[in-house]
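Down below is the structure, laid out as structure tokens.
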Amino acid sequence: MGAMPQASVDPRRVGEILVDHGVCGDEKIDVALAVQRERGGLIGQILVQQQAISALQLLTALGGQLGVPVFETIDEDAIDVSLVAPLSLSYAKEHELLPLSFIEGVLTVAMSNPLSLDALDDLRVLYSPKRFEPRLVPEEVLTPAINHAFDRRARADQVVDDLSHDGDDGVAHIAHELQDAAKDILDEDDEAPIIRLVNSVLNQAAKERASDVHVEPMEKYVLIRFRRDGVLSEVVRTPKRFQASISSRVKIMAGLNIAEKRLPQDGRIRIKVAGRDIDLRVSTIPTAHGERIVMRLLDKTSTTLDLRSLGMLESVRLPLDGLIHRPNGIILCTGPTGSGKTTTLYSALVTINKPDINILTIEDPVEYQLEGIGQMQVQPKIDFTFARGLRATLRQDPDVVLVGEIRDLETAEIAVQASLTGHLVLSTVHTNDAASTFTRLVDMGVEPFLIASSVLGILAQRLIRVLCKDCREPYEPTGLELEMLDVRSDDSRLSTATFFRSKGCPLCGMTGYAGRSGLHELLVPNEEVKRLVVQKSDAGVIKRAAVRAGMKTLLEDGAVKCMSGVSTIEEVVRIANAAVE
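In structure tokens:
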């Protein structure tokens, strides 16, 4: 083992050192010695268990006894994360050590157990240092530092940097690495380079709560981007030579044909990341520079299917709760892809799901497994469409039916007939706002009088980014900003409102936002709206009538959330105006 500093070695026993330093008295030492004679163990640990001394005081005494310096903190930014490459996370935690730096043959190691001499022997074999420079740190300081080092090591950019330095050896294990990734990817001990790279990307995406991972081949490199809170950002660029290997690895995991690179393919990956179940919907398409891959992440463990958690104001949630408890009719949810429609409808199903109700769904695809609910997935290749699935569902004596999307006249007509014959039907339609849904159904060919008599309510929604609570700062909005929000300067609500703006901090990745919430617009048709629908009035006329009847628009909903500090005026106006255009 490399030489250890011996300049200030104290040959006395630990108990004597503690007494001499005034940390504890002789009587506590005597009690601890009695316990040691009866049960065995180390005197210092017994004193800590008896709360006679702290763990740091014991460590300081041991450091003095061994001549090893004691540090109360570790500068995590100064850790050379490349040094943990030969170690596993479990080994570092089990032996309570972390290599910090390796300069001119001197390996500096942080330890919380100064008696781990066998571990130092292991490090001597792995690193061949001229000498060791151990540092004793408390366990509560060392453990976060270990996690930080291994987490940085697992980041995609670090893995790519490692593989790039490996040269062509980085792609030498391709045949070995194309295997199923059924277990938790953080527990993968496979060192095949592309497996490490793909796992690190998925691990980082899950940790950063990304909704999508984009793998985009360019002419000279492969670009990997994450969509976080609705915004795409670059994560890492990998060398072009890794492109085929990354594509093959992802396609194998998703059960796709790795030999077919000319046609689009769709698949699914189910993995665990740090104990969390993650579903990934994988889509590949051929482009000029190779196959482009997009993976949509569905984190089953982090999604709370509860209407109260979706950011709905009481003025929206309470009427919607009343609608979903109705025995028949159609409730539609509308908005662009990725606006949370499925989560809203699933939350509605969970709310009304009881043993005495038969709930069936027909979806494309089944995104979340709901206990006690029968779920089917459409298969267009074998002509199992929404319309055909809905017909079959109605023969299963359902009380409530969820149709993933109304895309055509046939599905729309069956849904309307089902609602008129005693079933509650929930579905989605792709329209810009709630009022446009009526004109969309009419354009499909559904009779207006059937629409007016069957539709109970239409919920339009969007997702806005939520301000980071750690760095948001209050401010006074300008008259122009209030005008953009459609709030009058003499609005009585302004007297109690507090507006915030984004700032940015390390916890939110300097974006100023952390997470997303919903903007909602619930249209419950009254007699005037129904009359306008029958008359085939345009969406603008229907919307004005609904507003007169009390409907709050997406922009009005957003104004309330700005006043309560949920999001910024800039974010709400950006999202709400996109819905109006």
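One gets our numbering by counting positions in the sequence shown from 1 and adding 21 to each. All residues carry an ideal CB built from backbone N, CA and C; glycine is no exception.
Host beta strand (DSSP E) of residue i (start-end)
i: Phe459; result: No beta strand (DSSP E) holds Phe459; the alpha helix (DSSP H) holding it covers Ala455 to Met465.
i: Val476; result: Val476 to Leu488
i: Ala106; result: Taken as a continuous stretch (DSSP letters only), Ala106 belongs to no beta strand (DSSP E), as it is neither H nor E.
i: Met132; result: Val127 to Met132
i: Gln286; result: Gln286 to Val294
i: Asp340; result: A quick correction: the sequence has Pro, not Asp, at residue 340. Note, Pro340: premise wrong, no beta strand (DSSP E); alpha helix (DSSP H) at Glu335 to Ile345.
i: Gln396; result: Gly395 to Gln398
i: Pro214; result: Element bounds for Pro214: not the beta strand (DSSP E) but the alpha helix (DSSP H), Pro214 to Lys228.
i: Gly350; result: Gly350 to Thr355
i: Ile314; result: Gly311 to Asp320
i: Ile380; result: Ile380 to Glu384
i: Thr308; result: Arg297 to Thr308
i: Ile245; result: Tyr242 to Arg249
i: Val257; result: Val252 to Pro260
Enclosing alpha helix (DSSP H) for residue i [first to last residue]
i: Leu328; result: Taken as a continuous stretch (DSSP letters only), Leu328 belongs to no alpha helix (DSSP H), as it is neither H nor E.
i: Gly410; result: Phe407 to Leu415
i: Met505; result: Gly500 to Met505
i: Glu115; result: Leu110 to His116
i: Ile95; result: Run containing Ile95: none; DSSP gives neither H nor E here.
i: Ser268; result: Gln264 to Met274
Alpha carbon of residue i to alpha carbon of residue j, nearest angstrom
i: Asn598; j: Val554; result: 25 Å
i: Arg483; j: Thr452; result: 12 Å
i: Pro527; j: Ile67; result: 40 Å
i: Met397; j: Lys241; result: 43 Å
i: Gln264; j: Ile314; result: 11 Å
i: Val371; j: Arg297; result: 21 Å
i: Arg258; j: Thr532; result: 21 Å
i: Leu80; j: Gln286; result: 58 Å
i: Arg270; j: His235; result: 15 Å
i: Gly126; j: Val91; result: 22 Å
i: Asp201; j: Ser266; result: Because the pLDDT of Asp201 is 38, which lies under 50, any placement of that residue in the model is unreliable, and the number read from its coordinates should be weighed accordingly. Cα-Cα distance, rounded: 15 Å.
i: Tyr534; j: Gln556; result: 45 Å
i: Glu577; j: Ala408; result: 36 Å
i: Thr574; j: His541; result: 7 Å
i: Gly500; j: Ser510; result: 7 Å
i: Thr442; j: Asp420; result: 11 Å
i: Glu255; j: Val219; result: 16 Å
i: Val105; j: Tyr496; result: 45 Å
i: Ala24; j: Lys151; result: In this prediction, Ala24 scores a pLDDT of 36, lower than 50, which makes its location untrustworthy; the coordinate-derived value is nonetheless stated afterwards. When rounded, the distance between both Cα atoms is 8 Å.
i: Ser585; j: Asp507; result: 16 Å
i: Pro469; j: His444; result: 20 Å
i: Phe123; j: Pro357; result: 53 Å
i: Ile74; j: Glu161; result: 16 Å
i: Cys583; j: Asp172; result: 35 Å
i: Arg595; j: Asp512; result: 22 Å
i: Arg58; j: Met132; result: 28 Å
Whether residue i touches residue j by CB criterion (7 Å)
i: Leu318; j: Ile306; result: no
i: Ala439; j: Thr355; result: no
i: Ser268; j: Glu335; result: no
i: Val130; j: Pro107; result: no
i: Ala436; j: Val467; result: no
i: Val303; j: Ala280; result: no
i: Gly410; j: Val422; result: no
i: Thr458; j: Val450; result: yes
i: Ile95; j: Ala140; result: no
i: Glu592; j: Arg514; result: no
i: Ile351; j: Val476; result: yes
i: Ile373; j: Ile394; result: no
i: Leu326; j: Ser368; result: yes
i: Tyr148; j: Leu128; result: yes
i: Ile563; j: Ala456; result: yes
When the options are compared against residue i, the one with the closest alpha-carbon
i: Ala226; options: Ile167, Leu301, Leu447 and Gly288; result: Leu301
i: Ala170; options: Leu110, Ser448 and Leu144; result: Leu110
i: Ser474; options: Ser516, Asp512 and Lys551; result: Lys551
i: Asn547; options: Asp559, Gly530 and Ala567; result: Ala567
i: Ser448; options: Thr382, Tyr496 and Asn278; result: Thr382
i: Glu494; options: Arg509, Val476 and Thr519; result: Thr519
i: Gly525; options: Gly500, Thr358 and Cys489; result: Cys489
i: Leu121; options: Ser137, Ala140, Asp101 and Ser516; result: Asp101
i: Asn224; options: Leu462, Lys293 and Lys261; result: Lys293
i: Arg569; options: Lys282, Arg412, Asp98 and Leu544; result: Leu544
i: Gly539; options: Ile216, Arg329 and Ile273; result: Arg329
i: Ser516; options: Pro238, Pro498, Val222 and Ser103; result: Pro498
i: Asp320; options: Phe405, Ala231 and Val243; result: Ala231
i: Lys272; options: Ile215, Gln390, Arg565 and Asp454; result: Ile215
i: Leu163; options: Leu503, His116, Val424 and Ile472; result: His116
*asked:* So within the region 133 to 170, which uninterrupted alpha helix (DSSP H) runs reach at least 4 residues, ignoring any that extend past its ends?
replied: Within the region 133 to 170, the complete alpha helix (DSSP H) runs of at least 4 residues are 138 to 148.
*Which ranges would you report for the alpha helix (DSSP H) in the region 511 to 579 if only whole runs of at least 4 residues count?*
Along the length of the region 511 to 579, whole alpha helix (DSSP H) runs at least 4 residues long occupy 548 to 555 and 560 to 569, reported in chain order.
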